[in-house]
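Residue numbers (my numbering), protein chains in the order written: chain A, 1 to 270; chain B, 271 to 479; chain C, 480 to 763. Beta carbons are placed, not taken as given, at the ideal position from N, Cα and C, and that holds for glycine. These notes are about the structure you will find just below.
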Amino acid sequence: MMNIITQKTMDIPFFIKGRIFGFSIILLILLISLYYIWTKKKVPIRLLPQVEAMRESVGRCAEMGKPLVYTYGNPTSGVDYWTVASFGLLKYTAEQAAKLGVKVIIPLSASPKSVITHAIVRDIMKEAYIAAGTSEMYDEANFILTGTDDQTWGLAVTKILYAARPAAHFYLGFIPFFSVIFGETSTSIGGCVSIGSSFYLQMIAMTVVSCDYTFIAQDLIAASAYVTEDPSQGGFLRTIDSISFISMILVAISSILLTMGINIIPWLGV
Amino acid sequence: MMEIFRKKEITMIITTMSFLIAFLPYFFDLPAVDQLSTLTVNWAITVSYVMAIIGLIYMSMINITKLQKKTKGWQYGAITLILVWYMVLAGLGFGTKDMKFSFFYNAIAVSLTALVGGLISFYLVAAGGRTFRARDFRSTFLLIAIIVVLMKNAPIGLIIWPGFGPLGTYTIDVLVAGANRAFKIGTAIAGIALGLRILIGRETMVAEG
Amino acid sequence: MVDMFKVMATIDRRIYFLLFLTIMIGGSLYPVVLPMPITNWTQTFYNKVNEVQPGDILIVHMGAGPEVRLNMWSAYKLILWQFIQKRPRIIWMTTWPNAFPVGEMLLNDPLIKDAIKMANYVKGVNFTDIGFVYGEPALVNLAKDFHGFTENKFKGTWLDEVKDMNDIQYYLCFGASGDYHWAAKQISLIYKTKIFTVSDPGLFPTHIIYMQAGNFYASIEGVTGSAEYELLTKHYGEAVGRMGIISMTHLAFVLIIIIGNIGYFGWERKERAKPIKNLGEKHD
Numbered sequence: 001m002m003n004i005i006t007q008k009t010m011d012i013p014f015f016i017k018g019r020i021f022g023f024s025i026i027l028l029i030l031l032i033s034l035y036y037i038w039t040k041k042k043v044p045i046r047l048l049p050q051v052e053a054m055r056e057s058v059g060r061c062a063e064m065g066k067p068l069v070y071t072y073g074n075p076t077s078g079v080d081y082w083t084v085a086s087f088g089l090l091k092y093t094a095e096q097a098a099k100l101g102v103k104v105i106i107p108l109s110a111s112p113k114s115v116i117t118h119a120i121v122r123d124i125m126k127e128a129y130i131a132a133g134t135s136e137m138y139d140e141a142n143f144i145l146t147g148t149d150d151q152t153w154g155l156a157v158t159k160i161l162y163a164a165r166p167a168a169h170f171y172l173g174f175i176p177f178f179s180v181i182f183g184e185t186s187t188s189i190g191g192c193v194s195i196g197s198s199f200y201l202q203m204i205a206m207t208v209v210s211c212d213y214t215f216i217a218q219d220l221i222a223a224s225a226y227v228t229e230d231p232s233q234g235g236f237l238r239t240i241d242s243i244s245f246i247s248m249i250l251v252a253i254s255s256i257l258l259t260m261g262i263n264i265i266p267w268l269g270v
Numbered sequence: 271m272m273e274i275f276r277k278k279e280i281t282m283i284i285t286t287m288s289f290l291i292a293f294l295p296y297f298f299d300l301p302a303v304d305q306l307s308t309l310t311v312n313w314a315i316t317v318s319y320v321m322a323i324i325g326l327i328y329m330s331m332i333n334i335t336k337l338q339k340k341t342k343g344w345q346y347g348a349i350t351l352i353l354v355w356y357m358v359l360a361g362l363g364f365g366t367k368d369m370k371f372s373f374f375y376n377a378i379a380v381s382l383t384a385l386v387g388g389l390i391s392f393y394l395v396a397a398g399g400r401t402f403r404a405r406d407f408r409s410t411f412l413l414i415a416i417i418v419v420l421m422k423n424a425p426i427g428l429i430i431w432p433g434f435g436p437l438g439t440y441t442i443d444v445l446v447a448g449a450n451r452a453f454k455i456g457t458a459i460a461g462i463a464l465g466l467r468i469l470i471g472r473e474t475m476v477a478e479g
Numbered sequence: 480m481v482d483m484f485k486v487m488a489t490i491d492r493r494i495y496f497l498l499f500l501t502i503m504i505g506g507s508l509y510p511v512v513l514p515m516p517i518t519n520w521t522q523t524f525y526n527k528v529n530e531v532q533p534g535d536i537l538i539v540h541m542g543a544g545p546e547v548r549l550n551m552w553s554a555y556k557l558i559l560w561q562f563i564q565k566r567p568r569i570i571w572m573t574t575w576p577n578a579f580p581v582g583e584m585l586l587n588d589p590l591i592k593d594a595i596k597m598a599n600y601v602k603g604v605n606f607t608d609i610g611f612v613y614g615e616p617a618l619v620n621l622a623k624d625f626h627g628f629t630e631n632k633f634k635g636t637w638l639d640e641v642k643d644m645n646d647i648q649y650y651l652c653f654g655a656s657g658d659y660h661w662a663a664k665q666i667s668l669i670y671k672t673k674i675f676t677v678s679d680p681g682l683f684p685t686h687i688i689y690m691q692a693g694n695f696y697a698s699i700e701g702v703t704g705s706a707e708y709e710l711l712t713k714h715y716g717e718a719v720g721r722m723g724i725i726s727m728t729h730l731a732f733v734l735i736i737i738i739g740n741i742g743y744f745g746w747e748r749k750e751r752a753k754p755i756k757n758l759g760e761k762h763d
């Protein structure tokens, strides 16, 4: 199948040939995002069972007197939308934990581009403890620096789990292939509820079988939008859904037309 | 005076300008902006090199603090520091081709990386053996797909039943590829939407961080 | 009386570990070579490498870490060997710090060394190492303006004819898991360069979608691809021998799943359906 760039159809001044369709999609995303931000339209999001389970797990940690480990991932490319969604859920978890007096241990990724996340995570935890009036619970020792690449980071988190013996382990965010190991480690510790997600599609099935609750793909963003109650996050979710829906329609139409012998791909590469 | 640089608005302006400089030349024929984009990207490359050094210093500081306070596991911190700085100095002093560098790399890095890969497979087996149960239609379908793909990838599977080959190929090329496409499109859209949110200042966590 | 179904459903995972360890040790000591077919993707890759003409320019993206030494080494070695037989002019670049030693190992491999000698590769004449190209932004700039990015270090050499990535016919990506994304995003959509990739085992479906969309010219899966390439190039080695162990472990895993499900239907399902009589009563 030829690269669509080579099948240009028309010259439009200033535009580089073959990229107008891509630009239109980005413009559409921007317009839909702005619409939801300006209108402050509240997007109805149902309560996900995983979020309910997170709240119950924090309570479980308080009852059992054990800590909670929250792993936001190893974002080797800096801050991406998985990590941002995870921070929303971290804020929610931190607020619950601060109210109930639960210790939250957070492994920090040490890859160069993820150093920015350390400050964000510390701020979230500090604010949560201050808001709950338990600022003395904030302890720098609960932030544990792990490794730079996926393997060393994953093994460090596993070691933290074995050492801390938490009652709950949330691994939400930019989690690579280690989601299965985390699930298994939580099981082997015994009495540890694990709520996970995975960055790779291939690992989602394994994550589902190895942990108690799983956030699949955009569930994480939906959960973050739900718990933060931020209309713009809901708008973010609705934007993704709208463009995905448009993509689905385009794929279906072009498949049908292609089957009939009409190729609209060159026209999309305007 | 320095307070101005700590304002959130300055961060947003710099982010937006950098974005536009990198973004516009991809879609528009603007030679001047294209040259500016090349320059900005060169700065980004330099910053990423510096970040590697910052990461090294930060990691050293953490481990030195651990050593000074003799917190739990300080011995591992000491080993980490010695090995890391030895590799840095050996690489800088003797070069990466020299025995003094390459021996440790081959003996430690290669072996330990293999260990981690091996660990994953054992955990996968333990997880799979424990939880792959045909509880309902969806998990049964998952099980069948797993067995078909596993047998397709193993030569013995094709000896047991040659049908695993075409069935497994169909599963991967059509079903899995289709799901991957959907996932990739969703991820790409979410990434663009997040980027635009950061640019218009709605993603406060990143700006404040 | 031992309930066999209960035993099947609750096998200790240490038994699984022991079983796999036995298979691996046994397979290493007594290798079993089984007949295996060549998949369509590997055959296509092999055929497309054979299309390379002498004098074409190939850029090798070396971004793999030490883990490839143990599972995909044959694929890397034999693909590079096959390319060298076609005598393209080679630009070598490294994109990750831990890929330098791997690149050295690859170039110093006896098979590659002999091939380089036979093909009369001379540094600066038809083989140039442009050094470290760190990260996606660096690749963007390199692709856009080769001599600008390399600070005119290669002016006056055979690389004079390379202005941007359009002047490079082939791109061979020996990348880490994220690197092929860079090639897909920054090279395939903009330039005419044909991209070959070698995939990590779990990420091959992603390469398939890029191939089906025309972003990648050809791609193979690294582990089984290694064995298939050994069969295609008739350089039999560790990969073909390893397929015996892979076969046995896959079969063992399937048997574990089947046994577990027999135990599930015979015992676990009834156990889970029982109502909880006392608070705190455990369900496994």
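Between His686/C, Ser667/C, Gly654/C, Lys671/C, which has its C-alpha nearest Lys447/B's C-alpha? Note that residue 447/B corresponds to Ala in the displayed sequence, not to Lys. Ala447/B has its Cα closest to that of His686/C, out of His686/C, Ser667/C, Gly654/C, Lys671/C.
Residue burial classification, Ser197/A (beta-carbon count within 10 angstroms, cutoff 16): buried
Sub-8 Å separation of Thr574/C and Met541/C beta-carbons: yes
Would you mind sorting Arg225/B into buried or exposed? The rule is 16 or more other CB atoms within 10 Å of its CB. Not covered by the structure: residue 225/B. The range shown for chain B is 271 to 479.
How would you call Asp80/A, buried or exposed, if buried means at least 16 neighbouring beta carbons within 10 angstroms? buried
Per-residue DSSP class, three states only, for Met584/C: helix
Ends of the beta strand (DSSP E) at Glu750/C? Here Glu750/C belongs to no beta strand (DSSP E); instead the alpha helix (DSSP H) covers 748-752.
Using a cut-off of 8 Å between C-beta atoms, extract the partners of Gln202/A located in chain C. Gly681, Leu682, Pro684
Opposite Ser698/C in the DSSP bridges: which residues? Thr676/C
Hey, how far is the Cα of Ile332/B from the Cα of Tyr171/A? 24 Å
Leaving out the 5 sequence neighbours to the left and right, which residues in its chain are closer than 8 Å to Thr548/C when beta-carbon positions are compared? The sequence shown places Arg at residue 548/C, not Thr. The residues are Val581, Met584.
What's the C-alpha gap between Lys753/C and Ile221/A? 37 Å
Taking Cβ positions only, does Asp588/C come closer than 8 Å to chain B? no
Integer Cβ distance of His521/C from Gly704/C, believed to fall under 8 Å: His is not the amino acid found at residue 521/C; the sequence shown has Thr there. With a Cβ gap of about 5 Å, Thr521/C and Gly704/C count as contacting.
Leu68/A and Val58/A look like a contact to me (Cβ under 8 Å); what is the Cβ gap, rounded to whole Å? 6 Å
Just how far apart, CA to CA, sit Tyr247/B and Tyr670/C? Residue 247/B falls outside the range modelled here, since chain B spans only 271 to 479, and no answer is possible.
Which of the residues in the segment 183-200 of chain A, read from start to end, lie with their CB under 7 Å from any CB of chain B? Gly183, Glu184
So Ala463/B packs on Phe236/A, CB below 8 Å; how close in whole Å? 6 Å
Under a Cβ-count criterion, where at least 16 other Cβ atoms within 10 Å of its own Cβ denotes burial, should Met1/A be classed as buried or exposed? Confidence is the limiting factor: at Met1/A the pLDDT is only 39, short of 50, which leaves the residue's position unreliable and the question unanswerable from this model.
Out of curiosity, what's the CA-to-CA distance linking Ile283/B and Glu273/B? 16 Å
Which same chain residues end up closer than 8 Å to Lys634/C when comparing Cβ atoms and leaving out the 5 residues on each side of it in sequence? His626
Counting contacts by CB-CB distance shorter than 8 Å, is Lys673/C in contact with chain B? no
Distance CB(Gln561/C)-CB(Thr712/C) smaller than 8 Å: yes
Could you name the residues of chain A that Met421/B contacts, counting a contact when the two beta carbons are closer than 7 Å? Residues of chain A passing the Cβ test: none, with the nearest at roughly 17 Å.
Looking at the secondary structure, which residues open and close the alpha helix (DSSP H) in which Cys61/A lies? 49-64
Rounded separation between Asp482/C and Leu250/A - CA only: 56 Å
Label Trp313/B either buried or exposed according to how many other C-beta atoms from any shown protein chain fall within 10 Å of its C-beta, with 16 as the threshold for buried. exposed
If Ala692/C sits next to Met515/C, beta carbons under 8 Å apart, how far is it from one beta carbon to the other, in whole angstroms? Not a contact, Cβ separation roughly 28 Å.
Could you check whether Ile735/C and Tyr495/C sit closer than 8 Å to each other, using their CB atoms as the reference points? yes
Among the candidates Asn645/C, Pro567/C, Phe683/C, whose CA atom is the shortest distance from the CA of Ser667/C? Asn645/C
For a cutoff of 8 Å on Cβ pairs, would you count Ile591/C as touching chain B? no
Test: Met282/B CB closer than 8 Å to a CB of chain A: no
At a cut-off of 7 Å, is Gly582/C close to the ligand FAD when judged by its beta-carbon and the heavy atoms of the ligand? Ligands displayed in this structure: none; no statement on the ligand FAD is therefore possible.
Taking the alpha carbon of Thr341/B as the point to measure from, which residue in Leu100/A, Ile262/A, Ile144/A, Pro112/A has its own alpha carbon closest? Ile144/A
Out of Ser391/B, Lys367/B, Phe371/B, Ser381/B, which one is the CA nearest neighbour of Ile587/C? According to the sequence displayed, residue 587/C carries Asn and not Ile. Among Ser391/B, Lys367/B, Phe371/B, Ser381/B, the Cα nearest to that of Asn587/C belongs to Lys367/B.
Short CB-CB distance (under 8 Å) between Arg451/B and chain C: yes
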